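Q:
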Amino acid sequence: MLKVDRRLLVKVSQMYYIENMNQNEIASKFGINRTTVSKYLKKAMLAGIVQISVVNDLYESLETALEKKFGLKEVYIVPSSSDPGEVKNNLGKAGISYLKRIINDGDIVGFAWGTTIGALSNLASVEKCDVVNANMIPLVGGPENLDSEYHVNTIVYKVANAFKAKSHYLYAPAITGTTETKSAIMQDANCSKIVKLWDEVSITILGIGAPIRSSNLVWSGSLGKEYNDMLEDAGVVGDICSRFYDVDGNVVDTVLKDRTIAIDLEKLRNIKYSIGIASSPEKVPAIYGAMKGKFINVLISDEETAKLLIDFAD
-8 MLKVDRRLLV KVSQMYYIEN MNQNEIASKF GINRTTVSKY LKKAMLAGIV QISVVNDLYE
52 SLETALEKKF GLKEVYIVPS SSDPGEVKNN LGKAGISYLK RIINDGDIVG FAWGTTIGAL
112 SNLASVEKCD VVNANMIPLV GGPENLDSEY HVNTIVYKVA NAFKAKSHYL YAPAITGTTE
172 TKSAIMQDAN CSKIVKLWDE VSITILGIGA PIRSSNLVWS GSLGKEYNDM LEDAGVVGDI
232 CSRFYDVDGN VVDTVLKDRT IAIDLEKLRN IKYSIGIASS PEKVPAIYGA MKGKFINVLI
292 SDEETAKLLI DFAD
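Next comes the structure, spelled out in structure tokens:
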């Protein structure tokens, strides 16, 4: 055991933690080596001379609780608001901030469509993003009745442009009219190129939908009541990239499966960073199912939704 008087431990700790001297500088001052300084600092902490505390406010507590409960890599909580537009903007800011932190040269980044991911792409256009030698691709075709601002190709273009990365586009609907139409599109060179890239994706940016909710105008408008009833009868609570699942995270195959042009949910379980961005009370079962199914390993949501998710899981 290293023997040293308390006075020296206090002085070394003061210099390192308060005066911001590095260990080499401290070693030089006292005529000792750097390894000895490191041992002094460890001994000072064990002796209670150095006490480190972490300020843990409400968001961090919620983030940690969700990370532990669902085995997530990270949870990023933003403030809630009575204005849905403000929440989407907060989520978009968090999403682009997170992407800037994790993206590296060589990454293939896949995107879903939707208003929240659209907010992220709009913010990417005004953010200062480092140039990255990456490829950005759609993970799903685009619904015909969706505003072009939220179309997956538009999102890919805006984010790729912000990072000066290479963009690839998918010229196909999310759900085709017939299985024969899907088969023909899948044989097209454009589609087959994107599908091959789905096997190499390292980061996904995903919206989480609640397709049977009355507020979901995309699904109610494109499918109609007949299909909504079918999804509800099958136990569907959520969708990611137009693929459906139940509250326990089990993939639910429907008659739409063979008409859908999108990455398979099972592939998302093997992605390095699979980032789900979603909020609102009505989406709680869908977000819960996405976490249970391991379709996402990072969650970006708001405070209200995070609290509801904790209650829902208990």
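Counted from 1, the sequence shown has number 176 at position 185 by our numbering; the numbering is strictly sequential.
A virtual CB, placed ideally from N, CA and C, is assigned to each residue, including glycine.
Note that the structure is a prediction, hence the values are computed from the model and not measured.
So R25 is in the alpha helix (DSSP H); what residue range does that whole segment cover?
A: 25 to 37
Q: Mark P75 as exposed unless 16 or more other C-beta atoms lie within 10 angstroms of its C-beta, in which case mark it buried.
A: exposed
Q: Does the contact criterion of 3 or more C-beta pairs under 8 Å hold for the stretch 193 to 205 versus the stretch 229 to 240?
A: With three or more CB-CB distances shorter than 8 Å, the stretch 193 to 205 counts as touching the stretch 229 to 240.
Q: Looking only at its chain, what residues have a beta carbon closer than 6 Å to the beta carbon of D239, apart from the 5 residues adjacent to it on each side?
A: K283
Q: Assign D305 to buried or exposed, taking buried as 16 or more other Cβ atoms, counted over all protein chains shown, within 10 Å of its Cβ.
A: exposed
Q: What whole-angstrom Cβ distance do V131 and I252 have, given they're in contact under 8 Å?
A: 7 Å
Q: Flag this pair as yes or no: are the beta carbons of I185 and F102 separated by less than 8 Å?
A: Contact flag unset, no.
Q: What is the rounded straight-line gap between the Cα of V246 and the Cα of I166?
A: 11 Å
Q: From what residue to what residue does the alpha helix (DSSP H) around V275 run?
A: 275 to 283
Q: Determine contact between the stretch 62 to 72 and the stretch 271 to 289, defined as no fewer than three beta-carbon pairs at a distance below 8 Å.
A: yes
Q: Compare the Cα-Cα distances from V192 to each of R250, I94, N241 and report the closest residue.
A: I94
Q: On the premise that E77 lies in contact with G109, defined as a C-beta separation below 8 Å, what is that separation, rounded to the nearest angstrom?
A: Contact flag wrong, Cβ pair sits at about 15 Å.
Q: Hey, S112 and V150: beta-carbon distance below 8 Å or not?
A: yes
Q: Beta carbon of D244, beta carbon of G280: below 8 Å?
A: For D244 and G280, no; Cβs fall outside 8 Å.
Q: Nearest-angstrom Cα distance between L(-1) and N80?
A: 52 Å
Q: Report, in whole angstroms, the separation of the C-beta atoms of Y264 and I194, which I expect to be a contact under 8 Å.
A: 5 Å
Q: State buried or exposed for G133, treating a residue as buried only when at least 16 other CB atoms are found within 10 Å of its CB.
A: By the neighbour-count rule (16 or more Cβ atoms within 10 Å), G133 is buried.
Q: How many angstroms separate the CA atom of K274 from the CA atom of I146?
A: Going by the C-alpha atoms only, they are around 22 Å apart.
Q: Measure the C-alpha to C-alpha separation of M115 and N126 and round it to an integer number of angstroms.
A: Before going further, note that residue 115 is Ala rather than Met in the sequence given. Cα to Cα, A115 sits roughly 16 Å from N126.
Q: I'd like the list of long-range same chain contacts for E223, defined as Cβ closer than 6 Å, with 5 residues on each side in sequence excluded.
A: I203
Q: Taking all protein chains shown into account, do 16 or more other C-beta atoms lie within 10 angstroms of the C-beta of P272, making it buried, or fewer, making it exposed?
A: So P272 counts as exposed.
Q: Looking at C-alpha atoms only, which residue of W104, H142, V143, K91 is the closest neighbour of N124?
A: K91
Q: In chain order, what residues of the same chain have a beta carbon less than 6 Å from the beta carbon of S4, not counting five sequence neighbours either side?
A: A35, I40, V41
Q: State the DSSP-derived secondary structure class of F102, mapped to helix, strand or coil.
A: Secondary structure of F102 (DSSP, three-state): strand.
Q: In or out: S270 buried (at least 16 other Cβ within 10 Å) or exposed?
A: So S270 counts as buried.
Q: How many angstroms separate the CA atom of T170 from the CA atom of S73?
A: 42 Å
Q: Among the candidates G86, A153, N144, K157, whose CA atom is the shortest distance from the CA of D98?
A: Of the listed residues, the one whose Cα sits closest to D98 is K157.
Q: Which ranges does the alpha helix (DSSP H) cover as unbroken runs of at least 4 residues, wholly within the stretch 49 to 132, from first to last along the chain?
A: 49 to 61, 75 to 93, 106 to 115
Q: Using a 10 Å radius around the Cβ and a threshold of 16 neighbouring Cβ atoms, would you call N24 buried or exposed?
A: exposed
Q: Considering only the beta carbon of each residue, do L82 and L300 sit closer than 8 Å?
A: no
Q: Would you report the Cα separation of Q178 and K187, rounded to the nearest angstrom?
A: 12 Å
Q: To the nearest angstrom, how far is the alpha carbon of A38 from that of S88?
A: 39 Å
Q: Taking C-beta to C-beta, are V143 and W189 nearer than 8 Å?
A: no
Q: Is F286 helix, strand or coil when you go by DSSP?
A: Of the three classes helix, strand and coil, the one that applies to F286 here is coil, per DSSP.
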